[in-house]
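In my numbering, the protein residues as written are 418 to 714.
So, in structure tokens, the structure goes:
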């Protein structure tokens, strides 16, 4: 309950997470039938990068600022969508604001789609309602996602996306509570699409995390990673990842080329790395990994 995303909004991990999220939402919009977007840890919905918290850390300079100044040559479509969405947010709010996942989802959704947003932190839940409750197709729940998610699924639309993006401040090093939540949710709504964001601080912990995920028996899971520092660095956040359950057709191919581009833009470290790999399912597909020095100058 102590974690505040205001200090980290717009950093490299946010960029990767939000670009991939827009790719998933784009796939859902290909069909005219409605879908439901569920955000388990919605936060405030948007963040003021001019406020003291963001200005104290300046983490957005490692993410958003790099993408905004990058060349548009060969820019992937998902990144272009991300740039346009951020620009739209800053016009809407008339300032230096950054959109959270709920705002990006609502910006992408059609009138027939619906969003269910959960946020336990009382102050953030209040801010979320202040900014986003005006939308007719959104419901905001001030509740704990670890009990709330399974109560809200399956949605009446029968198709949709669940973003699981906890603060991880109370998680252990193999993220067991998140795996348990995902397993319970999948058992209740096996055809839903799930995206689980996770930080990469210790590659041994990620190995244990993947082992737990494989042991769930969930049949179709893809992982994506982008590390701006060596994966075994001990100083802090090295990278960011996202697990996708039931990913859209050819999502892995587009994710790979998109992460290639983002890696060049978000880091100059010679031991940075990225990969797109099936944890379960697509058994014959070889892992797609970029050598750590591929883009080293």
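All residues carry an ideal CB built from backbone N, CA and C; glycine is no exception.
Are the CB atoms of residue 428 and residue 494 nearer to each other than 8 angstroms? Against the chain shown, residue 428 aligns to sequence position 11. Against the chain shown, residue 494 aligns to sequence position 77. Not a contact, by the Cβ cut-off of 8 angstroms.
Measuring CA to CA, which of 502, 558, 636 and 530 is closest to residue 540? Stepping through the chain shown from its first residue, residue 540 is reached at position 123. For residue 540, the nearest C-alpha among the options comes from 558.
Compute the beta-carbon to beta-carbon distance between residue 654 and residue 679, rounded to the nearest angstrom, for a pair I have assumed lies under 8 angstroms. Here residue 654 is taken as the residue at index 237 of the chain shown, counted from 1. Here residue 679 is taken as the residue at index 262 of the chain shown, counted from 1. Contact doesn't hold; Cβ gap of about 16 angstroms is too wide.
Roughly how far, in whole angstroms, is the beta-carbon of residue 605 from the beta-carbon of residue 567, given that I think they are within contact range, below 8 angstroms? By 1-based counting over the chain shown, the position of residue 605 is 188. By 1-based counting over the chain shown, the position of residue 567 is 150. Residue 605 to residue 567, Cβ: 6 angstroms. Contact.
Pull up the distance between the alpha-carbon of residue 489 and that of residue 595, whole angstroms please. Taking the first residue of the chain shown as 1, we reach residue 489 at position 72. Taking the first residue of the chain shown as 1, we reach residue 595 at position 178. Cα to Cα, the separation comes out at about 37 angstroms.
Within 10 angstroms of the Cβ of residue 614, are there 16 or more other Cβ atoms? Answer buried if so, exposed if not. Stepping through the chain shown from its first residue, residue 614 is reached at position 197. Residue 614 should be labelled buried.
Between residue 476 and residue 538, which are expected to be in contact by the criterion C-beta below 8 angstroms, what is the C-beta distance as a whole number of angstroms? Counted from its first residue, the chain shown places residue 476 at position 59. Counted from its first residue, the chain shown places residue 538 at position 121. Between residue 538 and residue 476 the Cβ distance is about 19 angstroms, and since that is not below 8 angstroms, they are no contact.
Applying the criterion that 16 or more other CB atoms from any shown protein chain within 10 Å of the CB defines a buried residue, is residue 531 buried or exposed? What you label residue 531 is simply residue 114 of the chain shown in a count that begins at 1. Buried, because 16 or more other Cβ atoms sit within 10 Å of the Cβ of residue 531.
Endpoints, beta strand (DSSP E) assigned at residue 615: Looking up residue 615 in the chain shown gives position 198. Per DSSP, residue 615 belongs to the beta strand (DSSP E) from 610-617.
Flag this pair as yes or no: are the beta carbons of residue 570 and residue 599 separated by less than 8 angstroms? Residue numbering aside, residue 570 sits at position 153 when the chain shown is read from its first letter. Residue numbering aside, residue 599 sits at position 182 when the chain shown is read from its first letter. Result no, Cβ atoms of residue 570 and residue 599 do not sit closer than 8 angstroms.
With H, G and I counted as helix, E and B as strand and the rest as coil, what does DSSP make of residue 511? Translated into positions along the chain shown, residue 511 becomes position 94. Coil at residue 511, not helix or strand.
Using three-state DSSP, classify residue 488 as helix, strand or coil. Locating residue 488 in the chain shown gives position 71, counting from the first residue. Here residue 488 sits in coil by DSSP.
Select from 692, 448, 460 and 695 the residue whose C-alpha is nearest the C-alpha of residue 561. As a working note, residue 561 is residue 144 in the chain shown. Of 692, 448, 460 and 695, the residue nearest in Cα terms is 460.
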